[in-house]
Amino acid sequence: MNLQQITPLIEKSLEGLKQDVAACRGANPGQWSFKQKDATVWIDVFNFQTNPDKYYFQVMSPLCAIPDKNVEAFYQDLLEINYQMYGSWMCKKEGWLYVLSLREAAGLDQSEIDATLDRVSFYSTDYYSKLSFKYQGCWAPKPPANNGGSGAPPSGV
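Each residue of the sequence shown is one higher than the last, beginning at 14 in our numbering.
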């Protein structure tokens, strides 16, 4: 599948979530973002110049910053949580934790897109609540971020 084939499927899923599809579209083709409950969800369909005919479908949601205290226990909990997750996982990039689902776009269908968007937004909302409660006070206060609308996650939890 290529971007032109996947786009209508993604936009149908967004409509099913009662999202304004035009408002969800990113600056570049193959990018969308939306809020579902407390989760911000980013969708990317992309390929690599080295293999332009092979596309990938990625859905991710920023969960929280890595805490400043009790980091070892936090990582232990993440490993145990990852074992329980289905069709997605938590990963760390720089100082942030994300819920992520990534797969080749070949064979992708409407039901899988729907399930992936639901799954990533549910896990992000659910585990943000659980982790921020369990590790309350483990994040040092951070000044408000001025990211200029770059789409980067805000500072802190």
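Ideal placement from N, C-alpha and C gives every residue a C-beta, glycine not left out. Computed from a predicted structure; not experimentally measured.
C-alpha distance - Ala35 paired with Val54, whole-angstrom precision
15 Å
State the DSSP-derived secondary structure class of Tyr99, mapped to helix, strand or coil.
coil
Inter-residue spacing [alpha-carbon to alpha-carbon] between Ile56 and Lys67
17 Å
Per DSSP, which residues does Glu117 bridge with? Please list them.
Tyr69
Note down, in chain order, each residue of its chain lying with its Cβ closer than 7 Å to the Cβ of Pro75, except the 5 sequence neighbours on either side.
Only Thr53, Trp109, Tyr111 and Pro166 meet the Cβ criterion.
For Thr138, report the span of its alpha helix (DSSP H) as first-last.
Gln123 to Lys147
Just to confirm my understanding: we take Gly100, look at its own chain, exclude 5 residues before and 5 after, and list those with CB closer than 8 Å. What are they?
Ser114, Ala128, Thr129 and Arg132
Could you give the uninterrupted runs of the alpha helix (DSSP H) lying entirely in the region 26-79, keeping only those of 4 residues or more?
34-37
Can you tell me which residues form a DSSP beta bridge with Val112?
Ser74 and Met103
What's the C-alpha gap between Gly169 and Pro80?
For Gly169, the pLDDT reaches just 46, beneath the cut-off of 50, and the residue's location in the model is therefore unreliable, although a value from the coordinates is still provided. Distance between the alpha carbons of Gly169 and Pro80: 8 Å.
If I measure Cβ to Cβ from Leu22 and keep anything under 6 Å in the same chain, skipping five residues before and after, which residues do I get?
Within the same chain, Gln123 and Ile126 come within 6 Å of Leu22 by CB-CB distance, once the 5 residues on both sides are set aside.
Taking just the CA atoms, how far does Ala78 sit from Phe146?
14 Å
Within 10 angstroms of the Cβ of Glu62, are there 16 or more other Cβ atoms? Answer buried if so, exposed if not.
In the sequence as displayed, the identity of residue 62 is Gln instead of Glu. Result: exposed.
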